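Student: Numbering (this note's numbering), first residue to last: 34 to 321. For each residue, glycine too, the CB sits at the ideal point set by N, CA and C. Just so it is clear, the structure is predicted and the values come from calculations on it, not from any experiment. Shown below is the structure under consideration.
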Amino acid sequence: MKRSSSVINRAVLAAVAVALAAGCTPDASGAGTGTGTGTAPAPSSAAPGTAATPTPSASSTDDKPPSPSAPPTTGTPASKPLMGEGTETEQVRELQARLRQLDFFDRAPTGFYGTMTAASVRKFQAHRGLPETGSVDEKTWQTLLSVTRKPTADELKPSTTNKLDTPDPRCMTGRVLCISKESRTLAWMIDGQVVSSMDVRFGSENTPTREGLFKVEWKAKDWTSTIYHTPMPYAMFFSRGQAVHYSADFAARGYAGASHGCVNVRDRAKLSALFDQVKAGDKVVVYW
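Written out as structure tokens, the structure reads:
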């Protein structure tokens, strides 16, 4: 019996060795079922004595909020214009004087930013390789400052763009608004001396400005035409509804337009000062 037991034990050991060589081990996914996979399990990379950390799948959120995405790119915001059409300031006057130094602006500064100023700014921007917007942003302004000098008082407020005409003899005595159609100028004169002067514009052929000797009948600082419904600031009436007054259209378009018979002035600041000096009863002379 002992001999038989030894034989049986050796047979059992041999069978186990063959089974191990064939890979008949429990399936890792179903331990204890005895179902074979035919392959050995992948070796664990965990250090001995530690549990392997499972790798989360690509779809796993790990119960964490998603990381915030980068904010959308909106591009560089456009520079805010410092000056543009319709602006009327002393900075605009300086702009025009500086552009005139470079021959981009061919008239006396008015302080009003109209279509002519916008066109001059575009020319300057094109010359300096800047965006041709026609308005003045910080970069355009700083570029202009770098290539020009500070304007003198005479450059900022010259007497007129046009050369004054020889005064009519009727202008040589008393207080007179001496207005020449030939030179398109108004000279405020006291006893034959020119106190101030400015460019003016007249009526068209259909609505001409009357010529002759008149007097200031009445004044209105803020007035709107009752016929044409257009603003007439600093109006000084001298002949049946015709008046010397400021014209935003003249400031913007120059001599491309005409009045309805009034004497238009495009320099608001100078006319404002004149308005305060002129009195009802002062002479007005309109002549060729």
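1) Going by beta carbon distance, what residues of the same chain come within less than 7 Å of residue 237, once the five residues before and after it are set aside?
2) For residue 276 versus residue 268, is the C-beta distance shorter than 8 Å?
3) Output the boundary residues of the alpha helix (DSSP H) element that contains residue 163.
4) Identify every residue that forms a DSSP beta bridge with residue 275.
5) For residue 130, which residues of its own chain have a beta-carbon under 6 Å away from its beta-carbon, when the five flanking residues on both sides are left out?
6) What does the alpha-carbon distance come out to for the pair residue 146 and residue 259?
7) Nearest to residue 114 by alpha carbon, out of 280, 138 and 171?
8) Give me the Cα-Cα distance between residue 164 and residue 153, rounded to the nearest whole angstrom.
9) Could you compute how far the alpha carbon of residue 134 sits from the alpha carbon of residue 219?
10) Starting from residue 230, follow its DSSP beta bridges and name the residues at the other end.
11) Compare the C-alpha of residue 246 against each of 182, 169, 210 and 216 and name the closest.
Tutor: Checking against the coordinates, here is how it stands:
1) 291
2) yes
3) That residue, residue 163, is in no alpha helix (DSSP H); it is neither H nor E in DSSP.
4) 272
5) 142, 184, 188 and 189
6) Distance between the alpha carbons of residue 146 and residue 259 is about 27 Å.
7) 171
8) 13 Å
9) 25 Å
10) 220
11) Selected option, being the one with the closest Cα: 210.
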